[in-house]
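Each residue of the sequence shown is one higher than the one before, starting from 1497 at the first, in the numbering used here. Inspection log for the structure reproduced underneath, given as structure tokens.
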Amino acid sequence: MSTHTPNELHDVFPQDAAALHRLKITNPHFARLADQHHTVNREIHRIECEIEAASDDRLEALKKERLHLLDDIAALIEAESEGLPAT
């Protein structure tokens, strides 16, 4: 089994590696979102690899949460690239 967890932020936003790093060290809100994404993404991966058991409803809820986090993270990356203040 591979140790790579798919859908980590650097996989989803490969062209924004510098912005991801900068935001994670300068923006506490972004850092919290990134940490939440990492936690949710790892849980999804463990369920999909059958390391953890979960209902289909639980897996679907986690995937929706991950999408919501990615939307928020993408908005912060876009604001960073445009030089706008973070919200």
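Even for Gly, the Cβ is constructed at its ideal location relative to N, Cα and C. What you are looking at is a predicted structure, and each value in this text was computed from that prediction instead of being measured.
How would you write the range of the alpha helix (DSSP H) that residue i sits in, first residue to last?
i: S1577; result: D1552 to S1577
i: H1541; result: P1524 to E1544
i: H1506; result: L1505 to V1508
Hey, out of the options, whose CA is closest to residue i's CA?
i: K1560; options: Q1532, A1575, S1577 and A1549; result: Q1532
i: D1553; options: H1564, I1547 and I1540; result: I1540
i: G1579; options: P1510, R1562, F1526 and A1515; result: A1515
i: R1562; options: T1535, A1571 and P1524; result: T1535
i: T1501; options: R1542, L1565 and F1509; result: R1542
Quick check: what's the CA-CA separation for residue i versus residue j?
i: C1545; j: E1504; result: 16 Å
i: P1510; j: I1569; result: 13 Å
Using a 10 Å radius around the Cβ and a threshold of 16 neighbouring Cβ atoms, would you call residue i buried or exposed?
i: A1530; result: buried
i: D1567; result: exposed
i: D1512; result: buried
Less than 8 Å between the CB atoms is what I'm expecting for residue i and residue j, so what's the real figure, rounded?
i: E1574; j: L1519; result: Between L1519 and E1574 the Cβ distance is about 11 Å, and since that is not below 8 Å, they are no contact.
i: L1572; j: N1537; result: About 17 Å; that fails the 8 Å criterion.
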